[in-house]
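Undergrad: Handing you this structure, nothing more for now.
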Amino acid sequence: MLGLGIKRKLKIFVKVNWIKTLYFNFKMFPFNIAKKLPVFFYGSVKFSNLSGEVIIDAPVRLGMFGFGQQFEVFTRSKKTSEINLSGILKIKGNVHIGKDCFLYIAKEAYCEFGHMTCLGYNVKILCTDKIILGKWARVAYESQISDSNFHDTYNTLTKERYSKSGSIVIGNYNWVANRSTIMKSTVTPDYCIIASNSLLSKDYSKLGNYILIGGVPAKLIKEHVSRDWEGEKATLEKNLIIRI
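The numbering of the sequence shown is my numbering, which starts it at 25 and goes up by one.
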C-alpha cells in the first residue's frame with residue numbers, strides 16, 4: 025500500500041474486516057491470487073453461500089473489489105450486507121460496493137461488473153440468469169436490479185407461459201439514480217442517466233447514447249445530456265481506488 029498516505033493506510037487498516045477478507049480471498053481464489061488480497065470487506069457481512077466462482081478479468085491489485093465501503097453521506101450500517109454466490113461473478117477492474125448491499129447470484133447464473141462499477145448504500149442485485157454492468161456504471165442508494173420475477177405467470181386465455189427471467193445489460197457510463205428498479209430484459213445504452221424512482225423493464229438502447237430516461241415505466245425524458253464523467257474521474261479514482 026505504498027501509494028497511500030500514512031493516515032489513509034491506517035484508516036483502511038482499521039476499517040477492513042480482516043477475518044472475512046482473508047477467508048473470502050483464500051476460499052475463492054488460487055493462492056497466487058489470494059495472497060494479493062484483491063477483495064476487501066468492510067464492516068459486517070454474511071456469507072450465506074460461497075459455492076460459486078469469482079473471476080478477475082483485469083490486473084490483480086490489492087483491494088480492487090471493496091464490499092461495504094464508506095463513500096456516501098450514509099455513515100451508519102444496519103449490518104445487513106450479504107453475499108449468496110452460487111454462480112459466476114466476473115470482475116473487470118476496480119469495483120466499489122457500499123454499506124448494507126445484497127448480492128445474490130444463483131447457480132449457473134452470470135454477473136459481471138465492469139471497471140469502476142459502483143453500488144451505493146442498500147443496493148440489491150438478484151441474478152438468476154445474467155446481469156452485466158458496464159464500466160463506470162454507478163447505481164445509487166436503495167436501488168435494485170433483478171433479472172427474474174421469481175414466479176411463473178401465464179396467459180389465462182391461451183395458456184401461454186411467460187418467461188420469468190431475462191438478462192439485463194447496463195451500458196458503460198450509466199448513472200442509475202436512487203431508489204430505481206431495473207427488471208428482467210432491461211438494456212440501456214452507453215452514457216445513460218436513469219432518474220430517481222424509475223422502473224425499467226425493456227430495451228432502451230435504440231434511444232441512443234447521452235439520454236435521460238425515467239418514470240414508471242421509464243421513458244425518454246431528455247436527449248444530449250450526460251453526467252460530467254471526465255470532470256469526476258480524478259476525484260473518484262483518488263478516493264475509491266486503493267493503489268499498491
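We put the CB at the ideal spot given by N, CA and C, even for glycine. Computed from a predicted model, the values in this text were never measured in an experiment.
Using the Cβ count rule (16 or more neighbours within 10 Å means buried), how would you classify residue 184?
TA: exposed
Undergrad: Using the Cα positions of residue 119 and residue 101, report the straight-line distance between them to the nearest angstrom.
TA: Rounded to whole angstroms, the separation of the alpha carbons of residue 101 and residue 119 is 20 Å.
Undergrad: Kindly identify the DSSP beta-bridge partner or partners of residue 34.
TA: Assignment of beta-bridge partners to residue 34 by DSSP yields no partner.
Undergrad: In whole angstroms, give me the CA-to-CA distance for residue 259 and residue 202.
TA: 21 Å
Undergrad: DSSP beta-bridge partners for residue 125?
TA: Paired residue(s): none; residue 125 is not in a bridge.
Undergrad: Span of the alpha helix (DSSP H) holding residue 48?
TA: 42-52
Undergrad: Tell me whether residue 270 sits in a helix, a strand or coil according to DSSP, three-state version.
TA: Missing from the structure shown is residue 270; the chain here goes from 25 to 268 and no further.
Undergrad: If you compare alpha carbons, which of 231, 253, 141, 127 is closest to residue 247?
TA: 231
Undergrad: What does DSSP give as the partner residues of residue 185 in its beta bridges?
TA: 178
Undergrad: Quick check on the burial criterion: 16 or more other C-beta atoms within 10 angstroms. Buried or exposed for residue 249?
TA: exposed
Undergrad: Since I believe residue 188 is in contact with residue 175 (beta carbons under 8 Å), could you give me their beta-carbon distance rounded to a whole number of angstroms?
TA: 6 Å
Undergrad: Going straight from the alpha carbon of residue 217 to that of residue 225, what length do you get?
TA: 15 Å
Undergrad: Can you tell me which of the three DSSP states residue 259 falls into?
TA: Of the three classes helix, strand and coil, the one that applies to residue 259 here is helix, per DSSP.
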